[in-house]
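Trainee: Can you keep this structure in mind? I'll have questions shortly.
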Amino acid sequence: MNAEPILKVAVPVPLSRLFDYLPPTSGAPVAVGSRVGVTFGRQTLVGLVLGLATDSELSRAQLKRVNSVLDDKPLIPDELLWLIRFTSDYYHHPVGEVVAAALPVALRKGEALYPEQDFVTATDASAGIDLEVLHKRAPKQAELLELLIDSGGNGLDTGSLNETLPHWRRVAKALSAKGLLGVSTRRTSAADATRVTEMPEPVAGPQLNAAQEAAVATMRASDGFAAYVLDGVTGSGKTEVYLHLIADILQAGGQVLVLVPEIGLTPQLVNRFRARLGIEPALLHSGLNNTERLASWRRAALGQAQLVLGTRSAVFTPLPDLALVIVDEEHDHSLKQQEGLRYSARDLAIVRAKRANIPVVLGSATPTLEMLKHCIDENYVHVRLPTRAGGASPPALHVVDVSNHKSNADGLGDVLAKAIDRHLTAGGQVLLFLNRRGFAPTLICPGCGELAECRRCDSRMTVHAREHRLRCHHCGANRPLDANCSSCGSQMRSLGAGTERLEDALNERFPGRVITRIDSDSTQRKGAMHEALEAATLGEADILVGTQMLSKGHHFPKLTLVGVINADQGLFGTDFRADERMAQTIVQVAGRAGREQVQGEVLIQSAFPTHPFWERLLSSGYEGVAAEALREREATHWPPYCRLALIRASAHQREDVHAFLNVARQQSVAQAADSVRILGPVDAVMARKAGRYRAQLLLQTNDRQALHALLRTLRQSLEAEPLARKVRWSVDVDPVELF
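Our numbering puts the first residue of the sequence shown at 1261, with every later residue one more than the last.
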């Protein structure tokens, strides 16, 4: 018997299987959880060893050997390997691509866990230097030399120096010429990873109110796995509850994972965690470069980072002492990946906590119906914070009827404009919410009615007046702004309002006031979002104008008025979740108002003020909207009272998409249990996007096991289907968007 094991390797290719390789000729042992360099076809790829075997479908003579072993011990621990396999199985996605999604880019490319870096050290000659004398002649040189001497014999890596002394390189030249410092290249180590900035002593927080005390006590009583839905109105102090629970874990020597939906939420949370806990959280989000992300991942994996704060993919971070998981704003759809591996970070966080037998806290002012259903069924514990912390009153909501008034081109009605003036005069701050960036959503010819449409999507181009460009917000295409109609020659006119147009109108109506626009256009520069939010928090901006970026978890102490410019966008949505999402958005953005001692006011402009949605929202809040939506979902058998999966496909030719999905339908009908309903295929609402035609097949059932059994066989057969070569396709389990 040949004792040489066969390596079962996950390779980042769109095939749902592991690939068999032999160990390297060197005979070096290869551990499960280690990365290996492999030849796959004509490519050289980085794979992960997920298992060892004695047999293969191929003969040993047909098997290739791995080119190299990249890790001398397992990079990925067993508990994370289990999560990777679970993710692949549940979301029916190739396991090699799941591995790629779980790793930082640097590790995915085959870089070492401890990469080589340049280190700057003080030489022996520096011991004879009088730093006080040097400081008088060359203070910058003295500052750098003292920093290097204090760091000990290991010196400091250039990345740390870049953060501490941004202009150190110019100073280093003079010191190097004097023989006082040297630069060496070496591989970083665990010892290097442990060096973090010295933190100040933790600052005590406010006294918890009765509801917060009860919430903390309930969750402290957990012994093992429990899922808590922390349902707190906006401003109720959910973060204070998090901080008390985190402090417990840190004191016991454990690690905590906190997931947030977007990086825009991280600056305020990071600053608060630093001040209150006296530690430096390890950050994991898309705003970091590859080196920074690897450093945070390494700190977490070594157990050196007690607190990890990140967006979606942070759920895959190795944490040897994980004792608590927190998902903030659990309702936010940003927690569901919408491209490639379509996973829910919230759901995987729950799965991971259950596997580790630890508690998970799911916080939101507007919990999803799925989480509320779990509470009704007593699977999860419903913990409520019904009042605002510090005695602040909830904001007063009013719907402003704009149906009988001549619409202003900028979208700002007279009632709202007067309210803005009133609040500014009283020293308050105003937030105007309009979930449309750009100057105007449509460019139209008043003569013949021609619209400026995207040539690659079934959508209209958005006017960006300051750049004199038309942009498609779906595919990114752009072209010069059309001054005249190409058909009749009439002058084109902007129709509707976006944040850019609203900002211009406010500058005209309220001269001398500081107006800050916060959307994805105005915050493209690195750090711009943090700067804008900090200025808003300090009250330096009188009026904030923004999109959904402003509705999520931000605390603006001076904000007293919120205006919702176009509230009707969500009233007539095509998705069955339209009411739920609309209520979540309104409640979240309204919650920014009046979080201190002055009661906030919220004015919602609507051309349909008698719509039943508004009566439910104003009379019974999000709780009433959610209760009615649950009754409707139960009656119509939609989630959370059923299970859904979508087979999505796109191609350059519409007939190719439908031909592929018709094959998928036929195979589904042949393989599915009677309990699975198959609907479609149908075109997506926006059938053409970025030059590709899109359609989908919907699978619906009350039997989760039957659905997954079908998807397992269907995935395998579709991967072998010749038509699959003409399309891009994916499986979306538990979709949050149907179209």
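Don't be surprised by glycine CBs; every beta carbon is placed ideally from N, CA and C.
Which residues mark the beginning and the end of the beta strand (DSSP E) in which residue 1903 is found?
Mentor: Residue 1903 sits at position 643 when you count from the first residue of the sequence shown. Start and end: 1903 to 1911.
Trainee: Tell me which same chain residues have a C-beta within less than 7 angstroms of the C-beta of residue 1765, skipping the five on either side of it?
Mentor: As a working note, residue 1765 is residue 505 in the sequence shown. 1670, 1672.
Trainee: Taking the alpha carbon of residue 1811 as the reference point, which residue from 1898, 1845, 1977 has its own alpha carbon closest?
Mentor: Here residue 1811 corresponds to residue number 551 of the sequence shown, with the count starting at 1. For the residues 1898, 1845, 1977, the minimum Cα distance to residue 1811 belongs to 1845.
Trainee: Scan the stretch 1875 to 1962 and note each continuous alpha helix (DSSP H) run of 4 residues or more that stays entirely inside, going in chain order.
Mentor: Taking only runs of at least 4 residues, the alpha helix (DSSP H) segments lying wholly in the stretch 1875 to 1962 are 1914 to 1931.
Trainee: With H, G and I counted as helix, E and B as strand and the rest as coil, what does DSSP make of residue 1744?
Mentor: Numbered from its first residue, the sequence shown carries residue 1744 at position 484. In this structure, residue 1744 counts as strand in the three-state DSSP scheme.
Trainee: Which stretch, first to last residue, makes up the alpha helix (DSSP H) that contains residue 1408?
Mentor: Within the sequence shown, the letter at position 148 stands for residue 1408. Unbroken alpha helix (DSSP H) run through residue 1408: 1399 to 1410.
Trainee: For the 8 angstroms Cβ check, are there 3 or more pairs between the stretch 1547 to 1558 and the stretch 1488 to 1508?
Mentor: Output reads no: the stretch 1488 to 1508 does not touch the stretch 1547 to 1558.
Trainee: With a 10 Å radius around its C-beta and 16 neighbouring C-beta atoms as the bar for buried, classify residue 1915 as buried or exposed.
Mentor: Here residue 1915 refers to the residue found at position 655 when the sequence shown is read from its first residue. Exposed, since its Cβ has fewer than 16 Cβ neighbours within 10 Å.
Trainee: Whose CA, out of 1951, 1872, 1816, 1408, lies closest to the CA of residue 1843?
Mentor: Translated into the one-based positions of the sequence shown, residue 1843 becomes position 583. Nearest option by C-alpha distance: 1872.
Trainee: Bridge partners of residue 1488, per DSSP?
Mentor: The residue labelled residue 1488 in the question sits at position 228 within the sequence shown. Looking at the DSSP assignment, residue 1488 forms a beta bridge with 1621, 1641.
Trainee: Tell me the start and end of each unbroken beta strand (DSSP E) in the stretch 1667 to 1715 that is at least 3 residues and wholly inside, in chain order.
Mentor: Taking only runs of at least 3 residues, the beta strand (DSSP E) segments lying wholly in the stretch 1667 to 1715 are 1689 to 1693, 1702 to 1704.
Trainee: Would residue 1779 be called buried (16 or more neighbouring beta carbons within 10 Å of its own) or exposed?
Mentor: Along the sequence shown, one-based indexing puts residue 1779 at 519. Per the 10 Å Cβ criterion, buried.
Trainee: Going by CA-CA distance only, name the one from 1775, 1283, 1394, 1707 that's closest to residue 1750.
Mentor: Position 490 of the sequence shown holds residue 1750. Of 1775, 1283, 1394, 1707, the residue nearest in Cα terms is 1707.
Trainee: What three-state label does DSSP hand residue 1603 in the structure shown?
Mentor: One-based indexing of the sequence shown puts residue 1603 at position 343. Coil, per DSSP.
Trainee: Find out if the Cβ-Cβ distance for the pair residue 1628, residue 1591 is shorter than 8 angstroms.
Mentor: As a position in the sequence shown, residue 1628 is number 368, starting the count at 1. As a position in the sequence shown, residue 1591 is number 331, starting the count at 1. Yes, Cβ-Cβ distance for residue 1628 and residue 1591 is below 8 angstroms.
Trainee: By how many angstroms is the C-alpha of residue 1955 removed from the C-alpha of residue 1721?
Mentor: Within the sequence shown, residue 1721 is the residue found at index 461, counting from 1. Within the sequence shown, residue 1955 is the residue found at index 695, counting from 1. Whole-angstrom Cα-Cα distance: 22 angstroms.
Trainee: Quickly, what does DSSP pair residue 1865 with across the bridge? List them, please.
Mentor: Residue mapping note: residue 1865 aligns to position 605 of the sequence shown, counting from 1. Residue 1865 is bridged to 1660.
Trainee: Report all residues from its chain with a CB closer than 6 angstroms to the CB of residue 1248; omit the five preceding and five following residues, and keep chain order.
Mentor: Residue 1248 cannot be examined here, being either before or after the span of the chain that is shown, 1261 to 1999.
Trainee: Give the range of the alpha helix (DSSP H) segment to which residue 1351 is assigned.
Mentor: In the sequence shown, the residue the question calls residue 1351 occupies position 91. Segment 1338 to 1351, the alpha helix (DSSP H) holding residue 1351.
Trainee: Going along the chain, which unbroken runs of the alpha helix (DSSP H) with 4 or more residues stay wholly within the stretch 1759 to 1830?
Mentor: List check, alpha helix (DSSP H) in window: 1759 to 1769, 1788 to 1797.
Trainee: Assuming residue 1374 is part of the beta strand (DSSP E), what are its boundary residues?
Mentor: For the purposes of this step, residue 1374 is identified with residue 114 of the sequence shown, where counting begins at 1. Counting along the chain, residue 1374 falls outside any beta strand (DSSP E), and DSSP gives it neither H nor E.
Trainee: When the Cα atoms are used, what is the spatial distance from residue 1527 to residue 1536?
Mentor: In the sequence shown, the residue the question calls residue 1527 occupies position 267. In the sequence shown, the residue the question calls residue 1536 occupies position 276. Answer to the nearest angstrom: the Cα atoms are 14 angstroms apart.
Trainee: Tell me which residue opens and which closes the beta strand (DSSP E) that residue 1852 is part of.
Mentor: Walking along the sequence shown from the start, residue 1852 turns up at place 592. Neither: residue 1852 is in no beta strand (DSSP E) and is coded neither H nor E.
Trainee: Do you know how far the Cα of residue 1976 is from the Cα of residue 1279?
Mentor: Numbered from 1 along the sequence shown, position 19 holds the residue referred to as residue 1279. Numbered from 1 along the sequence shown, position 716 holds the residue referred to as residue 1976. Their Cα atoms are separated by approximately 15 angstroms.
Trainee: For residue 1814, collect the residues of the same chain with a Cβ closer than 7 angstroms to its Cβ; drop the 5 residues on either side in sequence, then sort them by chain order.
Mentor: Along the sequence shown, one-based indexing puts residue 1814 at 554. Counting only Cβ-Cβ distances below 7 angstroms, and skipping sequence neighbours, we find 1528, 1793, 1852.
Trainee: Nearest-angstrom Cα distance between residue 1454 and residue 1564?
Mentor: Indexing the sequence shown from 1 puts residue 1454 at position 194. Indexing the sequence shown from 1 puts residue 1564 at position 304. Note on residue 1454: pLDDT 48, under 50, position unreliable in the model; the coordinate value appears next. Whole-angstrom Cα-Cα distance: 7 angstroms.
Trainee: Suppose the cutoff is 8 angstroms on Cβ atoms and the five residues either side in sequence are ignored; what does the same chain contact list for residue 1291 look like?
Mentor: In the sequence shown, the residue the question calls residue 1291 occupies position 31. Counting only Cβ-Cβ distances below 8 angstroms, and skipping sequence neighbours, we find 1309, 1331, 1333, 1334.
Trainee: Using C-beta distances below 6 angstroms, list every residue in its chain close to residue 1340, excluding the 5 sequence neighbours before and after it, in chain order.
Mentor: Your numbering for residue 1340 matches position 80 in the sequence shown. Excluding residues within five positions, the ones whose Cβ falls inside 6 angstroms are 1578.
Trainee: Comparing C-alpha positions only, which one of 1360, 1630, 1664, 1769 sits nearest to residue 1904?
Mentor: Position 644 of the sequence shown, counted from the first residue, corresponds to residue 1904. Among 1360, 1630, 1664, 1769, the Cα nearest to that of residue 1904 is on 1630.
Trainee: For residue 1835, tell me which candidate among 1945, 1547, 1474 has the shortest Cα-Cα distance.
Mentor: Taking the sequence shown and counting its residues from 1, the one referred to as residue 1835 is at position 575. Comparing Cα-Cα distances from residue 1835 to each of 1945, 1547, 1474, the minimum goes to 1945.
Trainee: Run through DSSP, which three-state label would residue 1540 get?
Mentor: The sequence position of residue 1540 within the sequence shown is 280, counting from 1. The answer is coil: DSSP assigns residue 1540 none of H, G, I, E or B.
Trainee: If you run the structure through DSSP and keep just helix, strand and coil, what is residue 1318?
Mentor: Here residue 1318 refers to the residue found at position 58 when the sequence shown is read from its first residue. Of the three classes helix, strand and coil, the one that applies to residue 1318 here is coil, per DSSP.
Trainee: Count the other CB atoms, across all protein chains shown, that sit within 10 Å of the CB of residue 1272; report buried if there are 16 or more and exposed otherwise.
Mentor: Within the sequence shown, numbered from 1, the residue matching residue 1272 stands at position 12. Buried, by the Cβ-count rule.
Trainee: Out of 1538, 1589, 1917, 1550, point me to the one whose CA is closest to residue 1566's CA.
Mentor: In the sequence shown, the residue the question calls residue 1566 occupies position 306. The shortest C-alpha separation from residue 1566 is found at 1538.
Trainee: Can you tell me whether residue 1586 is helix, strand or coil according to DSSP?
Mentor: Working through the sequence shown from its first residue, we reach residue 1586 at position 326. Strand at residue 1586.
Trainee: What's the call for residue 1745, buried or exposed, on a 16-neighbour Cβ count within 10 Å?
Mentor: As a working note, residue 1745 is residue 485 in the sequence shown. Per the 10 Å Cβ criterion, buried.
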